[in-house]
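Enquirer: If you're matching positions, the sequence shown starts at 1 in full-length UniProt numbering and goes up one per residue.
Note that the Cβ used here is the ideal one computed from N, Cα and C, for glycine as well.
I'd like to ask some things about the structure below.
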Amino acid sequence: MQTFYTIALLLTGVILSNIIKQLVPRIPEAFILIIVGVILSFTPAFHNFELRPEFFMLVVIAPIMFIDGQKQSFNRIRQRFRVVFFLSVVLAGASALVVGILTNNFETKWTLPVAIALAAIVTPTDAVAVKSMTSGTAMPENVNEALELESLFNDATGLVILDLALSVLQNGTFSAITGVEHFIFVALGGVIIGIIAGFLIVSLRVNLNMRANNPETIIIPISLLTPFLVYLLAEHLGTSGILAVVATGMVHNWESERLRLTSTRVQLTSATVWNTISSFLNSVVFLFLGVTLPMVWKDFIQMGTMTIAQLIGISLLIYLSMLAIRYWWSVHEDPDNPDHFLGPHDKSVHQLWSRIFAISGVHGTVTLAMAFSLPTRIGGHPFPYREELIVIATLVILISMLVSAISLPLMLPVKTTEYSLADIDHIRNKMVDYATLQLRDTIDDHAVREALTEQLQSQKGALNGQIIDFDEYQELMFETKDFIVTYIHGPSISAKYSLEVVNIYEKILNNFVAPNFNPREHFANRVHYIFKKNFKKVSGLCKHALWHVKNGQITKHQRTVARQKWLAAQPSDTFQQRLDVRDALLELNNEVIDSTDKYLDDVLRGRLLRKQSNNQYINLVRRSINRYCSMVRHDYNKQAVFVSSDLYIQAFQQEYNFIQRGVSRGVITPEMATVLYDEINQAQSLQLQRTQQLQIITS
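Here it is in structure tokens:
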């Protein structure tokens, strides 16, 4: 149950953070998650929580690196290999060496291996944290690519250097040749294992995909297990599990490129699953950081004023040293290298991008996990200054996040788009209304026509956050009722139906009260309506019961006999006349339905010609009239109406046509078209899937 409570609290934390982010969008999401994590630390499930590095690296980091690996390709890494090597190995190694030596000179009580271990711990960077800090700004693409490639591989560099430092502390000796050999074995071995395992798993997936009836039920579970299996295998063989899962992810990217448009269902489902997992795990890493902070803070405040000041000074020194190293490398990046990321050296943009790259070296939870991975005892003795190293690592994380959160938004331009949400809503509404009108003209069955209309209109969302003009709704409702009255008194209706039938129908229409969709008045009216309806119902039942008791019609048999006597006493022509009137009313009602549909379609068509998109109130009027016509028929059946897949395909094709014409005329920008095309694709896939499920249920 403890595991269940932990997962449930993490899910709750992610949900709560997303809600807070909507309320205060200016605060970076990473800080919101950290604060929520601190709050979670006071729950029993996380009381005195200490991060378990092995569990964290396997369950959280391995899947994240696998997902990040899938976003890269072998060709891209091969073309950028020189820069990737300098970013993730040379820059990371140089930073660790310089920081280690500086820290050792500043804190003379520490041995050099301890200082190098600390430097290795603060080596990994976190591109996800940077994205959180810059979510509202436009990060240069080249800088962003450099940060992603750096964070993809420098985790392994930091882990290997930490392993070397711990080995020196354990054995008391150090060999440069042995260290290089160990680094090559761990790094290269991890990549080779990842590639081999990746190709074996991909081959298995491809074969199952070709032979299985429902391949997604087999392939997706295999995909979910892949990062854990590869990480455990690589670690068991003494190589880098992180590099192994990255390499396996890149092999899976190669598989996607080879599959192209085959096995689309498996690819789409797998992408959706992994995107959801990625979003959740990237949030969880900051929750874990927040959950861990109170434990670190407790150790921190017990160290004394002088020690606290000293640790803060060391943390600032480490951060500034790494910042200076990153900036120096950025400025002196080889200008002759065609793959350099930070722009031409002779332009001012190079200096700006160099500063952005340097400040974006944010450290995250991997750094904290490496700090907690330090053993409590080594070489038969307690690990020296373990608590101090954990505190410094935490301070470096927080300093790097705070500096980037303050500096980057000031240095980067605000992210802008060529369209607003209101523009998208405007085009979407017109697109849906256009497709609706095109299909309504081709469908004779009223029930199918209305069911399709309601489904297409739902693409606008639940009123889509728009403010409906209720005055327009009321005005159109009155105009529609006037149209019906004029229509039933017209010559075509007068020639077919008696005046009695027309008058009865008009009386029913006048008694019809359209529902009030105004939220300011709807609740009070609804309460009044329910009270009045229930009061009349109870009152009617009481009168009905008293009448039956008074007339001796209590049992079912007594009521049946009385009914038969009443029917026998009625003149046959009177009874038949009532049936004829009822049939005439139903037939007239059908004609009113068709004419009113055409009238409202013409109203909608006219508004589209005038380029008006806020037409939701027309659909509300249509819904009210349909409700009235159902009441006339005494048709209260809520059974779903089946709409064929062909009609939905035609409707979505009309939406595609609308967007294509808008793009060709320059009314719709390509960026807006991409958003709307994606919405249509998703709506079409969902609707066709639901239609298939309905066919299976009803067959």
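Could you give the residue range of the alpha helix (DSSP H) that holds residue 65?
Expert: Where residue 65 is concerned, the enclosing alpha helix (DSSP H) stretches over 62–70.
Enquirer: Going by DSSP in three states, residue 137 sits in which element: helix, strand or coil?
Expert: The answer is strand: DSSP assigns residue 137 an E or B state.
Enquirer: With residue 113 as the anchor, note down where its alpha helix (DSSP H) starts and where it stops.
Expert: Per DSSP, residue 113 belongs to the alpha helix (DSSP H) from 112–121.
Enquirer: Return the chain-ordered list of same chain residues with a C-beta closer than 7 Å to the C-beta of residue 663, the five sequence neighbours on each side being excluded.
Expert: Counting only Cβ-Cβ distances below 7 Å, and skipping sequence neighbours, we find 670, 673.
Enquirer: Only counting the same chain, and skipping five residues up and downstream in sequence, which positions put a Cβ closer than 6 Å to that of residue 598?
Expert: Within the same chain, residue 598 has no close Cβ partners at all.
Enquirer: In three-state terms, what does DSSP make of residue 381?
Expert: Three-state result, residue 381: strand.
Enquirer: Take residue 26 as the anchor and find which of 58, 103, 11, 133 has the nearest alpha-carbon.
Expert: Nearest C-alpha to residue 26: 133.
Enquirer: Can the beta-carbon of residue 629 be found less than 8 Å from the beta-carbon of residue 592?
Expert: Taking 8 Å as the Cβ cut-off, residue 629 and residue 592 qualify as a contacting pair.
Enquirer: Residues in its own chain within less than 8 Å of residue 299 by CB, not counting five upstream and five downstream?
Expert: Around residue 299: 387, 390, 391.
Enquirer: Taking the straight line between their C-alpha atoms, what separation do you get for residue 316 and residue 310?
Expert: Distance between the alpha carbons of residue 316 and residue 310 is about 10 Å.
Enquirer: Buried or exposed: residue 367, going by 16 or more other Cβ atoms within 10 Å of its Cβ?
Expert: That one is buried.
Enquirer: How far does the alpha helix (DSSP H) with residue 632 in it reach, from first residue to last?
Expert: Run containing residue 632: 616–633, per the alpha helix (DSSP H) assignment.
Enquirer: Using the Cβ count rule (16 or more neighbours within 10 Å means buried), how would you classify residue 382?
Expert: So residue 382 ends up on the exposed side.
Enquirer: Applying the criterion that 16 or more other CB atoms from any shown protein chain within 10 Å of the CB defines a buried residue, is residue 546 buried or exposed?
Expert: Result: exposed.
Enquirer: In chain order, what residues of the same chain lie with their CB nearer than 6 Å to the CB of residue 687, ignoring the 5 residues before and after it?
Expert: Counting only Cβ-Cβ distances below 6 Å, and skipping sequence neighbours, we find 648.
Enquirer: For residue 327, which residues from the same chain have a beta carbon less than 7 Å from its beta carbon, with the 5 sequence-adjacent residues on both sides left out?
Expert: Answer for residue 327: 354, 355, 358, listed in chain order.
Enquirer: What are the complete alpha helix (DSSP H) segments, minimum 4 residues, inside the segment 248–332?
Expert: Qualifying alpha helix (DSSP H) stretches, in chain order: 264–301, 305–331.
Enquirer: Quick one: give me the first and last residue of the alpha helix (DSSP H) that residue 436 is part of.
Expert: First-last of the alpha helix (DSSP H) with residue 436: 421–440.
Enquirer: Assuming residue 348 is part of the alpha helix (DSSP H), what are its boundary residues?
Expert: Segment 348–359, the alpha helix (DSSP H) holding residue 348.
Enquirer: Report back the beta-carbon spacing between residue 274 and residue 67 to the nearest angstrom; my notes put them in contact at under 8 Å.
Expert: Contact flag correct, Cβ pair sits at about 6 Å.
Enquirer: Which word fits residue 616, buried or exposed, when buried means at least 16 other C-beta atoms lie within 10 angstroms of its C-beta?
Expert: Buried is the call here.
Enquirer: Shortest alpha-carbon distance to residue 191 belongs to which of 220, 153, 214?
Expert: Among 220, 153, 214, the Cα nearest to that of residue 191 is on 153.
Enquirer: So does the segment 285–304 actually touch the segment 47–57, counting three or more Cβ pairs closer than 8 Å?
Expert: Short answer: they touch.
Enquirer: Tell me, please, which residues DSSP counts as bridged to residue 191.
Expert: In DSSP, residue 191 forms no bridge with anything.
Enquirer: Going by the CB atoms, is the gap between residue 325 and residue 269 shorter than 8 Å?
Expert: No, they are not a contact pair.
Enquirer: Which residue marks the beginning of the alpha helix (DSSP H) containing residue 482, and which one marks its end?
Expert: Residues 470–488.
Enquirer: So, is residue 701 buried or exposed, given that buried needs 16 or more other C-beta atoms within 10 angstroms?
Expert: With the chain covering 1 to 699 only, the question about residue 701 has no answer from this structure.
Enquirer: Between the Cα of residue 55 and the Cα atoms of 127, 147, 373, which residue gives the shortest distance?
Expert: Cα-wise, what sits closest to residue 55 is 373.
Enquirer: Distance check for residue 609 and residue 463, CA to CA, integer angstroms please.
Expert: Note that residue 463 scores a pLDDT of 49, beneath 50, so its modelled location is shaky; the value from the coordinates is reported in the next line. Spanning the two alpha carbons is a distance of roughly 22 Å.
Enquirer: Output the distance between the C-alpha atoms of residue 581 and residue 501, rounded to the nearest integer angstrom.
Expert: Residue 581 and residue 501: Cα-Cα distance of roughly 6 Å.
Enquirer: Is it the case that the segment 229–249 contacts the segment 195–210, given that we only count it when at least three CB pairs across the two stretches are under 8 Å?
Expert: Cβ pair count under 8 Å is three or more, so yes.
Enquirer: Less than 8 Å separating the beta-carbons of residue 604 and residue 437?
Expert: Yes, the Cβ-Cβ distance between residue 604 and residue 437 is below 8 Å.
Enquirer: Measuring straight from C-alpha to C-alpha, what distance separates residue 492 and residue 450?
Expert: Distance between the alpha carbons of residue 492 and residue 450 is about 25 Å.
Enquirer: Which residues does DSSP pair with residue 83 in a beta bridge?
Expert: For residue 83, which the question treats as bridged, DSSP gives no partner whatsoever.
Enquirer: Got a sec? Which residues, its chain only, sit under 6 Å from residue 395 by beta carbon, not counting five neighbours each side?
Expert: Cβ within range, chain order: 315.
Enquirer: To the nearest angstrom, report how far apart residue 129 and residue 399 are at their CA atoms.
Expert: Spanning the two alpha carbons is a distance of roughly 13 Å.
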